[in-house]
Every structure is written in structure tokens, then in C-alpha cells.
Amino acid sequence: MSDKGKGKQNYNLLIKSEILRVLITFIILQFLSIPFFIKILLIMFTEILDCTPSLKYGPLFTPDTSICGTTNYQRIDKITDIIIYFLILVYIINSSILSPQYNYFIIFLFIVRLIGTYFFLEKRKGIFLCYFPNFFLETSLALMVIHFYPIFRKYTVIIIICILILKVCQEFYMHYENKNENEKLRNKRYY
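Basically the working numbering = 1-based index in the sequence shown + 284.
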């Protein structure tokens, strides 16, 4: 198979894996009667469906990781993430699990990431994901754990601050520190 044919096949597998991630997220949110923090953990686990180069897997566990990290992968992955975060956000708000103050807080965190994703998609520069880090998912997870285990309530502020610091470090490493690698991949396209 030619490189272009292989690239198109990988692209199609990537699209299928991302659609599957969204469908699984919807199923987890709507049909599983488990604590919400476990739902979030399961949703986080669906990330392995698209690309897991550290385990030498491409989309849908194929052995070809060549699309992973490319411009197409990054763009499609970030769009899928925003869709999934939106589903989580709507579920949290509709379920009235958190207080209105926490709901406003996670709405704010969602908007921050949405802005970062927009600029990342528009400008194709990962630095925007550092400027607008993804605090939403891990903070939502922490708030759900705290809700489920009230013993942690007195540590809420400390837990959130730790998450924010760690996420800034992670985003910096992933999207700025690795910018030489990201620059090479940014110009590599499939299909």
C-alpha cells in the first residue's frame, strides 16, 4: 500500500476511534449507574482508543502509530476532547451534583480550554494550550471525588491548587517543552 493510501487508512481509523470515544462517553454518562467520579475515570480511559504511542498502538489498537502526533491527529483529538468535555459539563449541571458555585467554576474552566483549543486549531501552535490549560477534566474529577467522599471537603482548595499547578506543568511539558518535536509533527500531514 502506498504511503498516501496508508495515511488515508490511518486517518479513517482515527476518525472512527474518535467517534467511538464520543459514543462510549455518552453511554457511560447516560446508562451506567455508578458514582460520577468513576464515570469520569472511565471516560479518561477511552483516550487509549485513538493513539497510545507509548504502548506502540495507533488508532483502535492498530500497530501503526505514524498518525499519532501529526497535525491531523492533534486537531481531531482536541475537537473530540471538547465534545466530550461538553457532554460531561452538561451532565454535571443537569444532575445538580455540585453547588452552583462549583458549576460556575467548571463552566469557567471549560471556557478556558475551549478558548485554548480554538486558538490551537486556528494558529496551529501548541503554546495556546499552555496559555489556556485543560483544568476542566481533572478538576471535575476531583470535585466529584470530594462530593462522594465528604471527608476530603476540608482539603478542596488545596486539592484544586495542586491540580492547577500539576496541569500547568503538564501542559507546558506537552505543548511547549516538546516544541521541537511538535514543530516536526506540525508540518507532517496525513490524507
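We treat Cβ as the ideally placed atom computed from N, Cα and C, and that holds for glycine.
Among the options, which one has its Cα closest to the Cα of residue i?
i      : options                        : result
Leu425 : Pro384, Ser317, Leu339, Ile447 : Ile447
Ser338 : Gly353, Cys453, Leu326         : Gly353
Leu325 : Tyr457, Val441, Leu421, Leu413 : Leu421
Phe370 : Ile390, Phe412, Leu405, Lys438 : Ile390
Leu382 : Ile332, Thr440, Asn294         : Thr440
Tyr457 : Asn387, Ile445, Gly410, Ile443 : Gly410
Gln454 : Cys414, Ile322, Arg305         : Cys414
Asp334 : Val374, Leu398, Lys300, Ile318 : Lys300
Arg305 : Val452, Ser379, Ile332         : Ile332
With a cut-off of 8 Å on the beta carbons, I'd call residue i and residue j a contact; round off their distance for me.
i      : j      : result
Leu297 : Thr346 : 6 Å
Tyr341 : Thr349 : 7 Å
Glu302 : Thr355 : Contact flag wrong, Cβ pair sits at about 15 Å.
Val396 : Phe412 : Actually they do not touch by this definition, with Cβ atoms about 11 Å apart.
Ile435 : Ile443 : Wrong, their Cβ atoms sit about 12 Å apart, outside the cutoff.
Report yes if the CB atom of residue i is closer than 9 Å to the CB atom of residue j, and no otherwise.
i      : j      : result
Ile368 : Thr309 : yes
Ile376 : Phe320 : yes
Ile372 : Leu313 : yes
Arg359 : Leu405 : yes
Pro343 : Asn418 : no
Leu427 : Tyr388 : no
Lys362 : Thr336 : no
Within 10 angstroms of the Cβ of residue i, are there 16 or more other Cβ atoms? Answer buried if so, exposed if not.
i      : result
Gly291 : buried
Met328 : exposed
Leu393 : buried
Lys407 : exposed
Ile449 : exposed
Ile318 : exposed
Ile399 : exposed
Ile351 : buried
Name the two residues that bound the continuous alpha helix (DSSP H) containing residue i.
i      : result
Gly410 : Counting along the chain, Gly410 falls outside any alpha helix (DSSP H), and DSSP gives it neither H nor E.
Tyr375 : 355-379
Thr440 : 440-456
Lys323 : 320-329
Ile430 : 420-432
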